[in-house]
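Number of protein chains: 4
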Amino acid sequence: MSLSLMQRCIEECGRCHDLCLQAIAHCLRKGGRHAEPSHITTLLDCAEMCATSVNVMLRESPRHRRTCELCAEVCDACAKSCAGFHDDDEMRRCEAECHRCAELCREMSRNG
Amino acid sequence: MSLSLMQRCIEECGRCHDLCLQAIAHCLRKGGRHAEPSHITTLLDCAEMCATSVNVMLRESPRHRRTCELCAEVCDACAKSCAGFHDDDEMRRCEAECHRCAELCREMSRNG
Amino acid sequence: MSLSLMQRCIEECGRCHDLCLQAIAHCLRKGGRHAEPSHITTLLDCAEMCATSVNVMLRESPRHRRTCELCAEVCDACAKSCAGFHDDDEMRRCEAECHRCAELCREMSRNG
Amino acid sequence: MSLSLMQRCIEECGRCHDLCLQAIAHCLRKGGRHAEPSHITTLLDCAEMCATSVNVMLRESPRHRRTCELCAEVCDACAKSCAGFHDDDEMRRCEAECHRCAELCREMSRNG
Numbered sequence: 681m682s683l684s685l686m687q688r689c690i691e692e693c694g695r696c697h698d699l700c701l702q703a704i705a706h707c708l709r710k711g712g713r714h715a716e717p718s719h720i721t722t723l724l725d726c727a728e729m730c731a732t733s734v735n736v737m738l739r740e741s742p743r744h745r746r747t748c749e750l751c752a753e754v755c756d757a758c759a760k761s762c763a764g765f766h767d768d769d770e771m772r773r774c775e776a777e778c779h780r781c782a783e784l785c786r787e788m789s790r791n792g
Numbered sequence: 681m682s683l684s685l686m687q688r689c690i691e692e693c694g695r696c697h698d699l700c701l702q703a704i705a706h707c708l709r710k711g712g713r714h715a716e717p718s719h720i721t722t723l724l725d726c727a728e729m730c731a732t733s734v735n736v737m738l739r740e741s742p743r744h745r746r747t748c749e750l751c752a753e754v755c756d757a758c759a760k761s762c763a764g765f766h767d768d769d770e771m772r773r774c775e776a777e778c779h780r781c782a783e784l785c786r787e788m789s790r791n792g
Numbered sequence: 681m682s683l684s685l686m687q688r689c690i691e692e693c694g695r696c697h698d699l700c701l702q703a704i705a706h707c708l709r710k711g712g713r714h715a716e717p718s719h720i721t722t723l724l725d726c727a728e729m730c731a732t733s734v735n736v737m738l739r740e741s742p743r744h745r746r747t748c749e750l751c752a753e754v755c756d757a758c759a760k761s762c763a764g765f766h767d768d769d770e771m772r773r774c775e776a777e778c779h780r781c782a783e784l785c786r787e788m789s790r791n792g
Numbered sequence: 681m682s683l684s685l686m687q688r689c690i691e692e693c694g695r696c697h698d699l700c701l702q703a704i705a706h707c708l709r710k711g712g713r714h715a716e717p718s719h720i721t722t723l724l725d726c727a728e729m730c731a732t733s734v735n736v737m738l739r740e741s742p743r744h745r746r747t748c749e750l751c752a753e754v755c756d757a758c759a760k761s762c763a764g765f766h767d768d769d770e771m772r773r774c775e776a777e778c779h780r781c782a783e784l785c786r787e788m789s790r791n792g
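Residue numbers (this note's numbering), protein chains in the order written: chain A, 681 to 792; chain B, 681 to 792; chain C, 681 to 792; chain D, 681 to 792.
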């Protein structure tokens, strides 16, 4: 296992968690389509799964590949949900972050 | 410290956490005033502080009085936020639960 | 989706979370083999994955089948870890609870 | 409220959370006095309160001063617990981080 891959994954999941929580505050303020249940729920799921993934890695648990695998899936779903708001800079940033986090979590789940 | 008071407080905080998360799903579905940022944020804060309070008690930590004290405050704020929706049964249930949880957390913070 | 299966799963995951956290306090007190890193880490992973699983279900998220599937795996690992302490009542209770929770989470991941 | 103070506090709490979880893995490996219940419990409390504090700030909740105030207290307790291991570099790093986080959280609770 490469320590630097894991270190990068911990940092990426941390950033993704933070961005998703900030995105929720933004989306609730905007209201309308931004505050639809499925979008907010997906952002909450993504923030929570990123936090769980970070904690499992920091605990040096042998289960980190499986939690990273699921985290990648949830990040994919969140990127897709954010992609529905092309004219919103904050949603585009969140989409890009979720993509990066999904990529790294997938790599961790295979080679971490 | 009375074990039964702590046991009741753990259960009450668990119930309050669950009801607040269910209330969020309900409020996002209803939309409009139900989905205002301050209301959803308060419900999220309450669910999280209840979970933290439960975990600190289950760890038998000497800090449980302080976390229960803050949890009572957050539950009070959440009860007040829910009280703004008198014609909504789910909000009334959540308000009542937050009141009960605040009372028990306050008792724990003083005598637990 | 059967609501009652989900309701039972939420309750079971909540109970399993609580029992795992109490088991950690117990194991740290006992020390020695009880406090080995792999055992405590597994108990912490199980408590956290149960909490995540509960939250995803309470949010009525479409991802609950996937989180329940992973939760079942982590509960299996925790039951196995607790099974190494046959002469300890608290470990036996935790093992039994993890088994029940794993069963219900598996059912949710297939039919929930 | 100064955004940069809050941003720094979010980052500091995130670092403190991560370091405390890594410290737990380290302490359980070392065993003996490092794995005493009160020390591990304090590290777990600190990691959890830091996470709660981060989440409340990221949600832009008006309750962030109160959660930061309690977070500072828990960080103080954790720094004190780590200070009992002067010959251990990882404990010294954790102690220093908890001090920094406590300072910043206290500043947030007064001026944030």
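Even glycine gets a Cβ: it sits at the ideal position worked out from N, Cα and C.
Note that the coordinates shown come from a computational prediction; the quantities given were computed from them, not determined experimentally.
To the nearest angstrom, how far is the alpha carbon of residue i from that of residue j?
i	j	result
residue 753 of chain A	residue 782 of chain A	7 Å
residue 710 of chain C	residue 749 of chain C	32 Å
residue 686 of chain A	residue 696 of chain A	15 Å
residue 700 of chain A	residue 779 of chain D	28 Å
residue 730 of chain A	residue 714 of chain C	29 Å
residue 693 of chain A	residue 693 of chain D	15 Å
residue 706 of chain A	residue 739 of chain D	9 Å
residue 777 of chain C	residue 684 of chain D	46 Å
residue 791 of chain D	residue 758 of chain D	23 Å
residue 743 of chain A	residue 719 of chain C	13 Å
residue 741 of chain C	residue 702 of chain B	11 Å
residue 768 of chain D	residue 764 of chain C	31 Å
residue 691 of chain A	residue 704 of chain A	20 Å
residue 728 of chain D	residue 728 of chain C	12 Å
residue 698 of chain C	residue 708 of chain A	32 Å
residue 760 of chain C	residue 712 of chain C	18 Å
residue 716 of chain B	residue 717 of chain A	13 Å
Considering only residues of the same chain and omitting the five flanking positions on each side of residue i, which have a CB-CB separation below 6 Å?
i	result
residue 762 of chain A	771, 774, 775
residue 786 of chain C	752
residue 789 of chain C	745, 748, 749
residue 756 of chain C	782
Which residues in chain G sit within 7 Å of residue i, going by Cβ to Cβ distance?
i	result
residue 708 of chain A	Within the model displayed, chain G is absent; protein chains A, B, C and D are what it includes.
Can you give me the Cβ contacts of residue i inside the same chain, cut-off strictly under 7 Å, excluding the 5 residues immediately before and after it?
i	result
residue 688 of chain B	784
Keeping to the same chain, check which residues put their C-beta closer than 8 Å to that of residue i; ignore five residues upstream and five downstream.
i	result
residue 766 of chain B	772
- Please list the residues of the segment 735-749 of chain A that have a C-beta atom closer than 8 Å to any C-beta atom in chain D, keeping them in chain order. Residues 735, 738, 739, 740.
- Task: Check distances from the C-beta atoms of the segment 689-705 of chain D to those of chain A and list, in chain order, the residues that come in under 8 Å.
- Result: Under the 8 Å Cβ criterion, the segment 689-705 of chain D contributes 690, 694, 698, 701, 702, 704, 705.
- Message: I want to know whether the segment 722-732 of chain A touches the segment 717-736 of chain C - three or more CB-CB distances under 8 Å.
- Response: The segment 722-732 of chain A is in contact with the segment 717-736 of chain C.
- Query: Mind listing which residues of the segment 751-770 of chain B have their C-beta closer than 8 Å to chain D's C-betas, in chain order?
  - Reply: Cβ contacts with chain D: 753, 754, 757.
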